[in-house]
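Reading through the C-alpha cells given below for one structure.
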C-alpha cells in the first residue's frame, strides 16, 4: 500500500526515530511502513492520521480509490 | 542506537531511545538467564550424559538445582517471550509470529520426516534434543527471513 508518510515526516523535519516515538512504535516499523513493506494496523493508521491531523485515506492509498 | 550520546531532538526521539534501552535490557536479561542456566548445568553436572547424544539415563543434576533450572527455563521460554510480545509493536510482532510459526511447522513436519527416514535406514532414530534443535534453528531462520522480507 502506498502512503505519504515519508513526505509528511519530511515536511515537519522529523527523523524516523522522532515519528516512531510520537506513534509509540519502533523506528523499524516506521521505516517498513514508509517503504511499503508493512501495512499498519487500523489503530496505528488512526494514530498516524490524528498525528498529522489528516484523514487516513489522505495518507494511505490502496490503489482502489477513483 | 542506545549508545548514541547525542541529545534527542524531540520528545519522539527521547521515547524511541527509552524503547531501545528497554529492549536492550530485555535481551540482556535473557542472555544472563541463559548464561546462568548453561553455566550451572555444566558446573554441577554429575553424570556422563549429553543432551546432544540423547543418552538421558546418564544425565544427573542435584534435585534442588534441577527444580531451580526448570523454573528458570520456564521463565526463559514462556514468561520472557510472552512479556516480550506485549512490549513490541505490530511490525515486530508480525516478525515474531512468523518465527514461531516457522519453528512450529518445522517440528510438525520434521518429526514424521525424521521417523520415516529412520525407518528407511537413512538416519538414527528421532530424539528429543534433535526435535528441540529443529524447532530452535527453524525459529531463528524464520525470524531472519521475516526481518529480511518485511
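Residue numbers (our numbering), protein chains in the order written: chain A, 138 to 203; chain B, 166 to 315. Backbone N, C-alpha and C fix where the C-beta goes; we use that ideal spot for every residue, glycine too.
- Contact with chain A is absent for residue 266/B, since none of that chain's Cβ atoms lies less than 8 Å from the residue's Cβ.
- Under DSSP, residue 257/B shares a beta bridge with no residue.
- Residue contact check for residue 301/B against chain A: no CB pair falls below 8 Å.
- Across the stretch 161-173 of chain A, CB contacts with chain B closer than 8 Å involve 161, 162, 163, 164, 165, 166, 169, 170, in sequence order along the chain.
- Assignment of residue 140/A by DSSP, reduced to helix, strand and coil, places it in the strand class.
- Two segments are said to touch when three or more pairs of C-beta atoms, one from each, lie closer than 8 Å; by this definition the stretch 173-182 of chain B touches the stretch 154-172 of chain A.
- By the neighbour-count criterion, in which a residue is buried when 16 or more other Cβ atoms sit within 10 angstroms of its Cβ, residue 175/A is buried.
- Note that the C-beta distance between residue 233/B and residue 272/B is not below 8 Å.
- At least 8 Å separates the CB of residue 179/A from every CB of chain B.
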